[in-house]
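Just below is one structure, and these are the notes that go with it.
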Amino acid sequence: SMLACGGGDAPSYGELLDFLLSPRMRDTLGAGCPLAASASEIACQGQPLSASFTDAFQRMAGAVEASVDPALPAAERRRRGIAAVAAQIGAIAVARAVARTDLEYSNEILRAVHTALEQPGGAHGKPAAGRRAAARKRR
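Numbering (my numbering), first residue to last: 1197 to 1335.
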């Protein structure tokens, strides 16, 4: 999985969004995001299952948080990690629910959430002002 820790470079925030909000993630029920498949059911279950879900969510949010621009304050990186994973779970669940009826709309849902998650800090979790300054330096 792209979120698994291992050798090589860690994925960027943008790469993680591409992976987490992809049609492949939506369409691969067995190997796709288990959090998206089970989130609404967890509330009806007991504490042990809720604790397991919480642990998985925290690990996933931590992996996304680690991909956010390290120049941002720690609280902002944490907020973005939590928000991205929560939004991904909802987006995948809704996109799966409507895909058989309207695949185009399902794809639009994934793109809309991807775009919304990029907005607070632009693509790859970097502040827009920082991207503009970097672009000026490259000129």
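Cβ atoms here follow ideal geometry from the backbone N, Cα and C, with glycine treated the same way.
**Study point:** Segment contact flag, the segment 1273–1293 with the segment 1210–1224, C-beta cutoff 8 Å, min 3 pairs
**Key:** yes
Check your understanding: In terms of residue numbering, what span does the alpha helix (DSSP H) encompassing T1311 cover?
Key -> 1299–1314
**Study point:** Residues near E1146 in its chain [Cβ-Cβ closer than 6 Å; skip 5 each side]
**Key:** The structure shown does not extend to residue 1146, since the chain is modelled only from 1197 to 1335, so the question has no answer here.
Review point. How big is the Cα-Cα spacing for G1203 and S1263?
Key: With a pLDDT of 45 at G1203, under the threshold of 50, the modelled position of this residue cannot be trusted, and the question is left open.
Check your understanding: Using the rule of at least 16 other Cβ atoms within 10 Å of the residue's Cβ for burial, across every protein chain shown, is G1242 buried or exposed?
Key -> exposed
Practice item. Report yes or no: do the segment 1273–1287 and the segment 1251–1263 share at least 3 C-beta pairs separated by less than 8 Å? Key: yes
**Study point:** Supposed contact pair L1306 and L1217 - C-beta distance, whole angstroms, cut 8 Å
**Key:** 5 Å
Check your understanding: My guess is that S1302 and A1308 are in contact by the Cβ rule of under 8 Å, so how many angstroms apart are they, rounded?
Key -> Going by Cβ atoms, the distance from S1302 to A1308 rounds to 11 Å, so no, they are not a contact pair.
Review point. In this structure, does DSSP put T1250 in helix, strand or coil?
Key: helix
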